[in-house]
Amino acid sequence: MKTLTNSDFAEIYQKFAPMVLRRCRAILKDEDKALDAMQDVFLRIMETKCKIKELCASLFYVTATRVCLNKIRSEKLRSGPDFEVISQMIADDFSDLEREKIEAEIILEDIFSTRDSKDALIATLHYVDGLTLEETAEQVGMSVSGVRKRLSELKKHSLKIAGRGKE
């Protein structure tokens, strides 16, 4: 197996870094965190290079998504919900759209706190990024029926949390 040289890494970085950074920015909404996550993505992929036959854009895209979601989850675990800040934000004079966004974030945190991390990845790829069921299944290494089942269970779980589903 060929060893990765500095020029190989530079070429890979130049090719995939802009896409990875855009993905990290879109998920994390913070430039410094996005740059950190991008470095983690390249580190993770380069550490497992010997196990990977071919480096492709989808590998970097999915890895970036997973790294970012893991960063969000671990940050939430470390800091816990900051109820004072949230309540102050809601109490301030926000537009209805801003209130809905905050409420949606709280509900989403509630929904995903008890679910497998793969559910968040599947939901992000399918609902946020607009991938088809087939594309999502390919990205996460599952069958289409497996992805469909997870999305269906996630929908039921979401409705239950929202108080509109069967107990």
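Going by numbering that gives the first Met the number 0, the sequence shown opens with residue 0, and the numbers climb by one from there. In this text, a Cβ means the ideal position worked out from N, Cα and C, and glycines have one as well.
Asked, Found
"Backbone CA spacing between residue 14 and residue 154 [nearest angstrom]", "37 Å"
"As assigned by DSSP and simplified to three states, the class of residue 144", "helix"
"Runs of alpha helix (DSSP H) lying entirely within the stretch 17-55, each at least 4 residues, in chain order", "30-46"
"Beta-carbon proximity of residue 75 to residue 32, cut-off 8 Å", "no"
"Through-space distance from residue 12 to residue 112, alpha-carbon basis", "33 Å"
"Distance between residue 159 and residue 62 (C-alpha atoms, nearest Å)", "30 Å"
"Where the alpha helix (DSSP H) through residue 135 begins and ends", "132-139"
"Spatial distance of residue 66 from residue 130 (CA atoms)", "19 Å"
"Inter-residue Cα distance where the pair is residue 6 and residue 42", "16 Å"
"Environment of residue 47 [buried if 16+ CB atoms lie within 10 Å]", "exposed"
"CA-to-CA distance, residue 21 to residue 27, given in whole angstroms", "10 Å"
"Within 8 Å, strictly: CB atoms of residue 68 and residue 120", "yes"
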